[in-house]
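J.: Going down the list, the sequences are from chains A and B.
Read in order, the letters of the first sequence correspond to residues 0 to 227 in numbering that gives the first Met the number 0.
Read in order, the letters of the second sequence correspond to residues 0 to 227 in numbering that gives the first Met the number 0.
Just dropping this structure here.
Protein chains: 2
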Amino acid sequence: MEHPGGGGAGLGGGNVPAFLTKLWTLVEDPDTDTLICWSPSGTSFHVFDQGRFSKEVLPKFFKHNNMASFIRQLNMYGFRKVVHIEQGGLLKPERDDTEFQHPFFIKGQEYLLENIKRKVSAVRQEEVKLSADEVNKILNDVQLMKGKQETIDSRIIAMKHENEALWREVASLRQKHAQQQKVVNKLIQFLVSLVQTNRILGVKRKIPLMLNDSSSRKKNVQHLDKTT
Amino acid sequence: MEHPGGGGAGLGGGNVPAFLTKLWTLVEDPDTDTLICWSPSGTSFHVFDQGRFSKEVLPKFFKHNNMASFIRQLNMYGFRKVVHIEQGGLLKPERDDTEFQHPFFIKGQEYLLENIKRKVSAVRQEEVKLSADEVNKILNDVQLMKGKQETIDSRIIAMKHENEALWREVASLRQKHAQQQKVVNKLIQFLVSLVQTNRILGVKRKIPLMLNDSSSRKKNVQHLDKTT
DNA sequence: GGTTCTAGAACC
DNA sequence: GGTTCTAGAACC
């Protein structure tokens, strides 16, 4: 069913595209050897006189008579034109001779045809399909992120400074507190001695102090001790 | 000097590319009318029998005898093939007839040739020339920046918390300091009254206090007052 | 998957 | 800018 075209060369096996089976038949056919045939080595084929070939041979196998369409198909299947080095204008006044080749199109190696794959259609792979507009959008985003990072960086620096100043103030306040505590202790010490003196003198007076009040919040900030 | 090819049709004026002057000459030349000539309306031209045309006419004007190269040049200059609707297989068994047209290629309007411009070479505009590899590199950079920003964000949050705790400790310490100051004041007040009492009793003693010492650093942290 | 017209790209 | 080989893309 997948074997259209009356090539009739007994091409079985794998699913070989119609173009390849037709091409094989075309090259093999001795009747058309004056226009299309294997090269002597069997690794390529020649087309002579494109004008006659396209008008007399192509229509028998394809739905057209254009050499360009034939070449397009060859390229689509990975065939490459064989380029010849200039022969310095020898005897032959240049015969109309075009040669094509494909690593899996070899005379006598019919089974290799299965390895010739048609190039995938041009439906883009989506991956690289980026318009200039989309690229600009990405670059714009990057620019925005750059700006945001600079903003954040300066904010971090400001916070760092604020933090350092706070640590200094905390240290200062703690020191101040310790100093005051010393003062308080000395005062109390002094008072005690004074009271003792006064007691000797018979003086009695109530002392309204709240010495324990200021040390009750100490636990709140213990986890802040600098460790860095 | 910029006028090669013996067109000789008296093409003066602007800098018309050689291909266009040659093409004009070719189409005008009555000797080649059986192979290439104006259409009856003069808005396009026909090529008959590509085989003979490419082998007999092209070499006389160009450095090749390939129809494909001729068509490539036509397309390069913006010519378009004129596609004909199928004539339902009338009398003519299809003559080898190809027609091309360009809005500025009009019979008798030679001066219009200057308006036909060769399409710019395929040297990419650099802007959209991005390989998948380069795109991936950019996307990778964006990803890295994203990660960096997340790191910074969490660091900012940590610093913010630390800062808030510090502000709380500063407030606490200030309050503690104020409390202590009250204590100290009360102690001093008490002492003063006590001393006065003692003076009455004839007691004399030197008081070794350093009350001014703890308030001398106050200016260091004045700029930290919270304003938010 | 086949056919057609046009364009890309390398080389000259 | 010209020539050549190959590919893109639309349409069938």
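All C-beta atoms, glycine included, are put in the ideal place defined by N, C-alpha and C.
Owing to the predicted nature of the structure, the values given are computational and were not obtained by experimental measurement.
(1) What did DSSP end up calling F44/A once you bin it into helix, strand or coil?
(2) Does DSSP put I137/A in a helix, a strand or coil?
(3) Please report the straight-line C-alpha distance between T196/B and A164/B, rounded to a whole angstrom.
(4) Would DSSP call F52/B helix, strand or coil?
(5) Can you list the residues of chain B that M158/A reaches, using a CB-CB cut of under 8 Å?
(6) Is F137/B near I151/A, with beta carbons less than 8 Å apart?
(7) Report yes if the C-beta distance between L34/A and R51/A is below 8 Å; otherwise report no.
(8) Closer than 7 Å by C-beta to V26/B: which residues in its own chain qualify, once you throw out the five before and the five after it? Chain order, please.
(9) Hey, out of L193/B, S120/B, L57/B and L111/B, whose CA is closest to G13/B's CA?
(10) So M144/A contacts chain B; which residues on that side make the cut at Cβ distance below 8 Å?
(11) From the DSSP output, which residues share a beta bridge with I35/A?
(12) Quick check: H176/B and L172/A, are their CB atoms within less than 8 Å of each other?
(13) What residues in the region 19-51 of chain B have a beta carbon less than 9 Å from any beta carbon of chain A?
(14) Residues in its own chain within less than 7 Å of R94/A by CB, not counting five upstream and five downstream?
(15) What I want to know is whether the C-beta of R94/A ends up closer than 7 Å to one or more non-hydrogen atoms of the ligand ZN.
(16) Compute the Euclidean distance between the alpha carbons of A8/B and K116/B, then round it to the nearest angstrom.
(17) With which residues is E154/A paired in a DSSP beta bridge?
(18) If contact means a Cβ-Cβ distance below 8 Å, which residues of the region 185-198 of chain B contact chain A?
T.: So, from the listed chains and residues:
(1) strand
(2) helix
(3) 47 Å
(4) helix
(5) I155, M158, K159 and N162
(6) Checking the sequence, you will find Ile at residue 137/B rather than Phe. Not in contact: I137/B and I151/A (Cβ atoms no closer than 8 Å).
(7) yes
(8) I35, C36, W37 and F44
(9) L111/B
(10) V141, M144, K145 and Q148
(11) V46/A
(12) yes
(13) D48, Q49, G50 and R51
(14) F47
(15) Here there are no bound small molecules, and the ligand ZN is not part of this structure.
(16) Per-residue confidence for A8/B stands at a pLDDT of 44, beneath the threshold of 50, marking its modelled position as unreliable; the derived number appears in the next sentence. Those two C-alpha atoms are separated by around 20 Å.
(17) The identity of residue 154/A in the sequence shown is Arg, whereas the question assumes Glu. None; R154/A has no bridge partner.
(18) K185, L186, I187, F189, L190, L193, T196 and N197
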